[in-house]
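Q: Quick one: structure below, then a few questions.
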Amino acid sequence: MVMNLFYPEYEVIRNKGKCINCKICQNECANEVHNYNDKLKIMTDDSMKCVNCHRCIATCPTNALKIVKADYTFKQNSNWTKSTIEEIYKQSSSGGVLLSSMGNPNDYPVYWDKILINASQVTNPPIDSLREPMETKVFLGKKSNKISRDENGKLITKLEPQLEIAAPIMFAAMSYGSISYNAHEALAKASEQLGILYNTGEGGLHNKLYKYGKNTIVQVASGRFGVYKDYLEAGAAIEIKIGQGAKPGIGGHLPGSKIVGDISETRMIPEGSSAISPAPHHDIYSIEDLRQLIYSLKEATEYKKPIIVKVAAVHNIAAIASGIARSGADIIAIDGFRGGTGAAPTRIRDNVGIPIELALASVDQRLREEGIRGNISIIAGGSIRNSADIIKAIALGADAVYIATAALISLGCHLCRSCHLGKCNWGIATQQPELVERLDSNDGCTKLYNLITAWKNEIKEMMGGMGINSVEALKGNRLMLRGIGLNEKELEILGIKHAGE
Ligand code: SF4
Ligand code: SF4
1 MVMNLFYPEY
11 EVIRNKGKCI
21 NCKICQNECA
31 NEVHNYNDKL
41 KIMTDDSMKC
51 VNCHRCIATC
61 PTNALKIVKA
71 DYTFKQNSNW
81 TKSTIEEIYK
91 QSSSGGVLLS
101 SMGNPNDYPV
111 YWDKILINAS
121 QVTNPPIDSL
131 REPMETKVFL
141 GKKSNKISRD
151 ENGKLITKLE
161 PQLEIAAPIM
171 FAAMSYGSIS
181 YNAHEALAKA
191 SEQLGILYNT
201 GEGGLHNKLY
211 KYGKNTIVQV
221 ASGRFGVYKD
231 YLEAGAAIEI
241 KIGQGAKPGI
251 GGHLPGSKIV
261 GDISETRMIP
271 EGSSAISPAP
281 HHDIYSIEDL
291 RQLIYSLKEA
301 TEYKKPIIVK
311 VAAVHNIAAI
321 ASGIARSGAD
331 IIAIDGFRGG
341 TGAAPTRIRD
351 NVGIPIELAL
361 ASVDQRLREE
371 GIRGNISIIA
381 GGSIRNSADI
391 IKAIALGADA
401 VYIATAALIS
411 LGCHLCRSCH
421 LGKCNWGIAT
431 QQPELVERLD
441 SNDGCTKLYN
451 LITAWKNEIK
461 EMMGGMGINS
471 VEALKGNRLM
481 LRGIGLNEKE
491 LEILGIKHAG
501 E
């Protein structure tokens with residue numbers, strides 16, 4: 001007897017009175033959930049294949065569809081939950097490592113939601129952000145301790161290279177290969193229009209996107225895919241990726257089946273060969289080694305570009321950041337454990353790393369205590385969800401933030417967490433041409449532009465409410481924050497008082 005230990009996670013509910021058998025859902029679903037039965041002349045569905053991406057619901061012309069969570073019940077308890085039981089079935093059937101997409105979904109504290117923002121009342125009055133100038137521009141890079149000018153007022157101090165961005169928000173690394181060309185193009189176009197930057201991730205830079213170079217951060221990861229002189233020169237900054245929040249301590253693997261056409265050309269590896277990024281950079285085993293890579297990249301680009309070092313938020317992040325600040329890096333990017341990814345081992349994603357809020361606060365504090373905060377700018381990432389998170393991140397010490405999942409959601413992502421299957425029905429995490437073309441890069445650019453513009457306006461409004469007129473003045477200003485429902489230790493690490501104090 002064949003036994004099925006797996007049940008559908010979602011159930012497709014079709015309103016037969018509304019369905020006109022137009023087959024749009026069948027054509028739109030790359031997971032082959034919907035099928036027209038010629039004999040019965042009705043639409044049928046295979047709920048087992050449904051990932052709840054909502055493409056069919058969004059495209060159904062008669063609103064005939066609903067996807068609901070299936071209510072098969074295991075005799076679960078708080079120790080042996082439904083997903084724990086199902087994972088054991090999966091692994092005892094496949095013998096493989098469980099893979100997941102997007103960030104850690106577990107019920108760990110979201111500190112952003114336990115931090116409240118101040119507003120001015122009576123003294124130090126608020127500023128009307130609609131009528132008075134509010135500065136959201138920031139410069140990322142090493143800051144000089146002292147500025148000198150000649151007798152004519154001309155600057156004589158040699159300034160370190162800076163990244164100038166119109167708002168403290170950038171699009172985080174997502175490689176071409178993990179997301180589609182159209183998604184990358186939308187990010188590049190929006191960055192140009194917004195005066196901010198996007199990040200190539202480790203997949204190289206498609207030759208059609210070189211023209212957006214001054215709005216591009218080019219990444220150098222352990223696999224060195226697509227890295228050569230022109231690539232390094234193309235970007236406004238170079239990011240060395242040591243780790244990422246969704247999978248600290250783990251490398252990357254894009255299967256050979258996805259290394260085709262432009263992707264193989266952009267990554268500069270043969271078609272069909274797996275793109276494996278080792279967990280370590282095989283030339284970095286110390287801060288001195290990191291320094292050598294930083295200075296090799298600076299030398300290769302004539303000391304004109306800031307070098308970013310990206311690390312995952314892990315237990316001793318403050319000490320790691322101190323080493324990076326002393327290694328010659330201009331910017332450190334810290335990626336919290338909720339950061340998204342195209343594919344990560346589930347156990348790593350859900351159990352390794354720490355929240356960005358705690359990591360950011362402890363890094364800023366440590367660098368200040370050591371008197372080296374001005375040596376390096378901090379970018380915080382790993383599930384920044386809205387403009388209030390950004391205000392809180394800046395007040396905790398960030399110079400700017402990286403966003404990725406929020407950017408993909410604005411492009412249409414419905415967080416179905418199935419990127420690793422390569423069949424994204426929204427044309428984002430896929431390389432299938434018929435799916436990729438569903439995402440129009442101009443439309444995507446408009447959505448990204450609108451999102452960041454809206455956030456920028458909200459940032460101005462919140463800063464105005466605090467009586468602060470520039471992002472620079474908010475940076476590290478923890479007096480603007482209060483904790484709610486946090487214990488003494490958490491407040492101490494965040495460096496903030498409890499609400500009411
Ligand atoms: S898209 Fe809607 S109306 Fe068309 S076949 Fe599917 S459920 Fe029926
Ligand atoms: S990018 Fe696509 S596959 Fe990935 S979570 Fe979003 S909708 Fe799902």
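Going by UniProt numbering, 27 is the number at position 27 of the sequence shown; the sequence numbering is gapless. For glycine and all other residues, C-beta sits at the position ideal for the given N, C-alpha and C.
#1: Which two residues bound the contiguous beta strand (DSSP E) that contains Val401?
#2: What do you get for Ser257, buried or exposed, if any count of 16 or more other CB atoms within 10 angstroms of its CB means buried?
#3: Output needed for Ile85: all residues of its chain with C-beta closer than 6 Å, excluding positions within five of it in sequence on either side, in chain order.
#4: Could you name the residues, in chain order, whose CB is less than 7 Å away from a heavy atom belonging to ligand 1?
#5: Using a 10 Å radius around the Cβ and a threshold of 16 neighbouring Cβ atoms, would you call Thr200 buried or exposed?
#6: Return the chain-ordered list of same chain residues with a C-beta closer than 7 Å to the C-beta of Lys114, the five sequence neighbours on each side being excluded.
#7: Report yes if the CB atom of Ser144 is closer than 9 Å to the CB atom of Gly371, and no otherwise.
#8: Taking 8 Å as the cut-off, does the region 130-140 touch the region 408-428 (at least 3 CB pairs, one atom from each stretch)?
#9: Let me make sure I understand the geometry here. Which of Arg366, Tyr198, Asn52 and Val138 has the alpha-carbon closest to that of Ile13?
#10: Going by beta-carbon coordinates alone, are Leu140 and Ala406 separated by less than 9 Å?
#11: Can you tell me which residues fall inside 6 Å of ligand 2, judged by beta-carbon distance to its nearest heavy atom, and keep chain order?
#12: Helix, strand or coil for residue 502, going by three-state DSSP, please let me know.
#13: Measuring alpha carbon to alpha carbon, tell me which residue in Asn27, Ala343 and Asn77 is nearest Ala58.
#14: Would you mind reading off the limits of the beta strand (DSSP E) that contains Gly483?
#15: May I have the straight-line CA-CA distance separating Lys310 from Ser101, to the nearest angstrom?
#16: Roughly how many angstroms separate the alpha carbons of Ile391 and Met462, rounded to a whole number?
#17: Going along the chain, which unbroken runs of the beta strand (DSSP E) with 3 or more residues stay wholly within the region 347-404?
#18: If you draw a straight line from the alpha carbon of Thr453 to that of Glu437, how long is it in whole angstroms?
#19: So does the region 320-333 actually touch the region 251-265, counting three or more Cβ pairs closer than 8 Å?
#20: What does a CB cutoff of less than 8 Å around Ala70 pick up in its chain, not counting 5 residues either side in sequence?
#21: Considering Thr84, what are the terminal residues of the alpha helix (DSSP H) in which it resides?
#22: Tell me the DSSP bridge mates of Met43?
#23: When you compare the CB positions of Arg347 and Gly382, do they come within less than 9 Å of one another, or not?
#24: What number of angstroms, rounded off, separates the C-alpha of residue 522 from the C-alpha of Asn425?
#25: Which residue marks the beginning of the beta strand (DSSP E) containing Lys310, and which one marks its end?
#26: Which value, in whole angstroms, describes the spacing of the CA atoms of Lys241 and Pro280?
#27: Pick from Lys460, Ser441 and Tyr449: whose alpha carbon is nearest that of Ile394?
#28: If you count every other CB in all the chains shown that lies within 10 Å of the CB of Glu492, and 16 or more means buried, which is it?
#29: What does the alpha-carbon distance come out to for the pair Glu239 and Glu192?
#30: Determine the direct distance from the alpha carbon of Phe171 to that of Ser178, and round the result to whole angstroms.
#31: Given a cut-off of 9 Å, decide if His253 and Ala221 are closer than it, judged by their beta-carbon atoms.
#32: Return the residue from the list Ile147, Ala359 and Ala166 that minimises the CA-CA distance to Gly245.
#33: Classify Met170 as helix, strand or coil using the three-state DSSP reduction.
#34: Please say whether Lys247 and residue 503 have beta carbons closer to each other than 9 Å?
#35: For Lys142, count neighbouring C-beta atoms within 10 Å of its own C-beta (all shown protein chains included) and say buried if the count is 16 or more, exposed if not.
A: In short:
#1: Locating residue 401 in the sequence shown gives position 401, where the first residue counts as 1. Val401 -> beta strand (DSSP E) spans Ala400 to Ile403.
#2: The residue labelled residue 257 in the question sits at position 257 within the sequence shown. Ser257 comes out exposed.
#3: Sequence index remark: in the sequence shown, residue 85 carries index 85 (1-based). Around Ile85: Phe74.
#4: Arg14, Lys18, Cys19, Ile20, Asn21, Cys22, Lys23, Ile24, Cys25, Gln26, His34, Met43, Cys56, Thr59, Cys60, Pro61, Thr62, Ala64 and Leu65
#5: The residue given as residue 200 occupies position 200 in the sequence shown. The residue in question, Thr200, is buried, as its Cβ has 16 or more Cβ neighbours within 10 Å.
#6: Walking along the sequence shown from the start, residue 114 turns up at place 114. Cβ neighbours of Lys114 beyond the five flanking positions: Gly483, Ile484, Gly485 and Leu486.
#7: Within the sequence shown, the letter at position 144 stands for residue 144. Within the sequence shown, the letter at position 371 stands for residue 371. Their beta carbons are not under 9 Å apart, which means Ser144 does not touch Gly371 by this criterion.
#8: no
#9: For this step, residue 13 is matched to residue 13 along the sequence shown. Here the closest residue by C-alpha is Asn52.
#10: Residue mapping note: residue 140 aligns to position 140 of the sequence shown, counting from 1. Residue mapping note: residue 406 aligns to position 406 of the sequence shown, counting from 1. Not in contact: Leu140 and Ala406 (Cβ atoms no closer than 9 Å).
#11: Cys53, Ser101, Met102, Leu408, Cys413, His414, Leu415, Cys416, Arg417, Ser418, Cys419, Cys424, Trp426, Ile428 and Ala429
#12: This structure cannot settle anything about residue 502, because the visible part of the chain is limited to 1 through 501.
#13: On the sequence shown, position 58 is the one that residue 58 refers to. Taking only the C-alpha atoms, the option nearest Ala58 is Asn27.
#14: For this step, residue 483 is matched to residue 483 along the sequence shown. Gly483 -> beta strand (DSSP E) spans Leu481 to Gly483.
#15: Your numbering for residue 310 matches position 310 in the sequence shown. Your numbering for residue 101 matches position 101 in the sequence shown. In a straight line, the C-alpha of Lys310 is about 20 Å away from that of Ser101.
#16: For this step, residue 391 is matched to residue 391 along the sequence shown. For this step, residue 462 is matched to residue 462 along the sequence shown. Going from the Cα of Ile391 to the Cα of Met462 covers about 8 Å.
#17: 377-381 and 400-403
#18: For the purposes of this step, residue 453 is taken as the residue at position 453 of the sequence shown. For the purposes of this step, residue 437 is taken as the residue at position 437 of the sequence shown. Using only the alpha carbons, I get a separation of about 26 Å.
#19: no
#20: The count along the sequence shown starts at 1 and reaches residue 70 at position 70. The answer, listed in chain order, is Tyr7, Pro8, Glu9, Tyr10, Glu11 and Ser47.
#21: Along the sequence shown, one-based indexing puts residue 84 at 84. Element bounds for Thr84: Lys82 to Ser94.
#22: Taking the first residue of the sequence shown as position 1, residue 43 is located at position 43. Beta-bridge pairing links Met43 to Tyr36.
#23: For the purposes of this step, residue 347 is taken as the residue at position 347 of the sequence shown. For the purposes of this step, residue 382 is taken as the residue at position 382 of the sequence shown. Cβ atoms of Arg347 and Gly382: not closer than 9 Å.
#24: Residue coverage of the chain in this structure runs from 1 to 501, which leaves residue 522 outside it and unanswerable.
#25: Working through the sequence shown from its first residue, we reach residue 310 at position 310. Segment Ile307 to Ala312, the beta strand (DSSP E) holding Lys310.
#26: The residue you call residue 241 lines up with position 241 of the sequence shown. The residue you call residue 280 lines up with position 280 of the sequence shown. Taking the straight line joining both Cα atoms gives about 10 Å.
#27: Against the sequence shown, residue 394 aligns to sequence position 394. Considering only alpha carbons, the answer is Lys460.
#28: In the sequence shown, residue 492 corresponds to position 492, counting from 1. Flag for Glu492 reads exposed.
#29: As a first step, residue 239 must be located in the sequence shown, where it is residue number 239. As a first step, residue 192 must be located in the sequence shown, where it is residue number 192. Roughly 19 Å between the two C-alpha positions.
#30: Within the sequence shown, residue 178 is the residue found at index 178, counting from 1. Within the sequence shown, residue 171 is the residue found at index 171, counting from 1. One C-alpha to the other measures close to 15 Å.
#31: Translated into the one-based positions of the sequence shown, residue 221 becomes position 221. Translated into the one-based positions of the sequence shown, residue 253 becomes position 253. In this structure, His253 does not lie closer than 9 Å to Ala221 by Cβ.
#32: Within the sequence shown, the letter at position 245 stands for residue 245. Nearest option by C-alpha distance: Ala359.
#33: The residue given as residue 170 occupies position 170 in the sequence shown. It is a strand residue.
#34: A question about residue 503 goes unanswered here, because the residues of the chain that appear run from 1 up to 501.
#35: Residue numbering aside, residue 142 sits at position 142 when the sequence shown is read from its first letter. Classification for Lys142: buried.
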